[in-house]
Amino acid sequence: MARDFVGKDEKLLKKIRKDYFMYLAVKECYESVKIVSEIINEVEMSINKSSFLTDFRMSELPDLHTKCINLVDLLVISFFVLSFSFTLYTSLFFYNPGLPDLFPLNVACPKG
Numbered sequence: 001m002a003r004d005f006v007g008k009d010e011k012l013l014k015k016i017r018k019d020y021f022m023y024l025a026v027k028e029c030y031e032s033v034k035i036v037s038e039i040i041n042e043v044e045m046s047i048n049k050s051s052f053l054t055d056f057r058m059s060e061l062p063d064l065h066t067k068c069i070n071l072v073d074l075l076v077i078s079f080f081v082l083s084f085s086f087t088l089y090t091s092l093f094f095y096n097p098g099l100p101d102l103f104p105l106n107v108a109c110p111k112g
């Protein structure tokens, strides 16, 4: 949605908030990116202080690598599943205008 959006941030946010599930997905993605960013900042600070080997256990690196690969795999799979679901959802409603009445998605979103 955001990739193809043309306009102001406020309009995009309003459009995202109209769909409660889209709002939750965007919020969860943002929080996940914040966590990853904090980890990267910690690693960079440790490198800059020349305390990386003291601050982090290198014996855990192979396990961390595996978990990172699994996370990326999940993110990629989730992206494709969400893209497919959105395409299917919009296609169904485009060709069957009466369906939105059966599956209303205009649930109110929390502000903030």
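Counting from 1, position 40 in the sequence shown corresponds to residue 40 in the UniProt record's numbering; the numbering is continuous, with no gaps. Glycine residues also receive a C-beta, built at the ideal position from the N, C-alpha and C atoms. These numbers come from a predicted model, not from an experiment.
Query	Result
Euclidean distance between Cα positions of L61 and R3	35 Å
Counted within 10 angstroms of its Cβ, other Cβ atoms place I77 as buried (16 or more) or exposed	exposed
Contacts around I16, its chain only, beta-carbon distance under 6 Å, and the 5 residues preceding and following it disregarded	M22, Y23, V26
Three-state class that DSSP yields for F56 in the structure shown	coil
Pairwise C-alpha distance: E31 and L74	16 Å
C-alpha gap between I35 and D19, whole angstroms	25 Å
Reference V72, options V33, G7, D55, E38, closest by Cα	V33
Host alpha helix (DSSP H) of F21 (start-end)	20-48
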